[in-house]
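The next block holds one structure in the form of structure tokens; read it before the comments.
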Amino acid sequence: LNGSCHWVVGGGSVLSFDMETEVFRLSSEPQMIFPGWVISMLTIVNRCLAVICVIEPQGIAISQKMSRVFDVCLMKEYGVEESWTRAYTITLSSSSPGRFLGIVGHEFFVLEKQESSENENENKRLKVVSYHLGAPQEG
């Protein structure tokens, strides 16, 4: 994006390297990120730099059903930290939370394990599930 490579670094900051000027730049994480959230990936959505934030419930027994929430935050104006905005929230309910795979167009793809209720020893199956993003949230 904009001739730069991007990485998530310690503390949730975003490091960019401008390939033309060979200059590194460190940007802070979106201000709407709350304690307990983890930035799991960078991607591009609607021609904007985007972070995928994962919220995982704490203190819940593994055997209980859990929800996993993904927030997609966009940097609306490239290089302007104040332009981060939460554009989408996707909530999954599953006994085996999903893993973010990517966004293509307006589809959010997650890999989920499908539990077998018939035989405990049977191999778990993986399934790709897509969620339509629709229009971005305002603000």
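Just so you know, we're using UniProt numbering here: the sequence shown kicks off at 1 and counts up by one. For every residue, glycine included, the Cβ atom is placed at its ideal position computed from N, Cα and C. Nothing here was measured: the structure is a model prediction, and the numbers come from that model.
Sub-7 Å separation of R81 and S13 beta-carbons: For the sequence presented, residue 81 should be read as Glu rather than Arg. Between E81 and S13, the C-beta gap is not smaller than 7 Å, which leaves the two residues out of contact.
Exposure label - M75; buried when at least 16 CB within 10 Å: When all chains shown are included, M75 counts as buried.
The beta strand (DSSP E) enclosing V23, as first and last residue numbers: Per DSSP, V23 is one residue of the beta strand (DSSP E) stretching across 23-27.
Sheet register partners of R68 (DSSP bridge): Looking at the DSSP assignment, R68 forms a beta bridge with L92.
Euclidean distance between Cα positions of W84 and E20: About 24 Å.
C-alpha distance - E107 paired with R25, whole-angstrom precision: The alpha-carbon atoms of E107 and R25 are separated by roughly 30 Å.
Sheet register partners of A50 (DSSP bridge): Under DSSP, the beta-bridge partners assigned to A50 are T43, L74.
Neighbourhood of S130 by C-beta distance below 7 Å, restricted to the same chain and skipping five residues each side: These residues qualify, in order along the chain: E107, F108, F109.
Whole-angstrom distance between M41 and V9, CA atom to CA atom: Those two C-alpha atoms are separated by around 11 Å.
In DSSP terms, what V80 is bridged to: Partner(s): none; V80 has no beta bridge.
Three-state secondary structure assigned by DSSP to G98: Coil at G98, not helix or strand.
Identity of the residues DSSP links to H6 by a beta bridge: DSSP lists S16 as partners of H6.
Per DSSP, cross-strand counterpart(s) of L126: Answer is K113, bridged to L126.
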